[in-house]
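Residue 159 in UniProt numbering sits at position 159 of the sequence shown, with consecutive numbering throughout.
Written out below as structure tokens is the structure these notes cover.
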Amino acid sequence: MVRAEVAATVGGEPVTVAEVDARERAVRARVPEHALPRPGTREARQLRRWLTQVLVAERVVAREAGTLRGADAPPHADLLPDTLAHMEMGSVAAATLADPVGRAVFADVTAGVVVDADAVADYHARNPGRMPESAVAEHLCASARRRAYRRWLDARCAELVQLAPGYEHPGDPRQPDHTHSH
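Below you can see the structure in the form of structure tokens.
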């Protein structure tokens, strides 16, 4: 049997280069060519690194789905109602919410997140008239849930994921295509 080239492992289970290739083909099939980097460029390698991050995050979430305590999947728009919420979540974590399983895991992981009355009153005092207190509580709780999910996902990925050389996180300054600077 030929062993597939591995881009990463999640809990010891491989994510193959072929899976990354397939995800890239799927993205390229639905996104206009001019909106994506040309294959073989530094930017295209960064895209593949990001796609690998999405694939491993989806695997981490799928593993967690086996331990769900019965949470229902909320509608996508309830979890990411606008661009700001999407940015707050981060692109990889947000990508896991495209699937109902990811949204059910989100609901399960964040079920205990609450915002206390002092936080609501403080926000309302700093932003008088912006929204009623009940809406402030809902807004702050939704934001706290997104942060909690992102932190949970980051921690689980750190625990379970091993990335192969060439498939490092796109923001890892040790990888050769890293370009972020201040």
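Glycine residues also receive a C-beta, built at the ideal position from the N, C-alpha and C atoms.
In the three-state reduction of the DSSP assignment, P100 falls in the helix class. Comparing alpha-carbon positions, the option among P37, R30, R45, G12 lying closest to P170 turns out to be R45. For L163, the secondary structure class from DSSP, reduced to helix, strand or coil, is strand. For V54, same chain residues with a beta-carbon under 6 Å away, outside a window of 5 residues either side, are V92, A95 in chain order.
Between R145 and T110, the C-beta gap is smaller than 8 Å, which places the two residues in contact. Linking A104 to A158 through their CA atoms gives a straight-line distance of about 21 Å.
Of the candidates L47, R30, A29, the residue whose Cα lies closest to the Cα of P37 is L47. Shown here, E24 sits in a helix according to DSSP, grouped into three states. The secondary-structure analysis by DSSP pairs P14 across a beta bridge with T9. The alpha-carbon of V114 is positioned some 6 Å away from that of C141. Counting only unbroken stretches of 4 or more residues, the alpha helix (DSSP H) elements lying wholly within the stretch 37-76 are 42-65, in sequence order. For A117, the enclosing alpha helix (DSSP H) covers residues 117-126. For the pair V10 and R42, the CB atoms are not nearer than the 8 Å cut-off. DSSP places L84 inside the alpha helix (DSSP H), whose first and last residues are 83-89. Using a C-beta cut-off of 8 Å, the stretch 24-31 makes no contact with the stretch 123-133, since fewer than three inter-stretch Cβ pairs fall below that distance.
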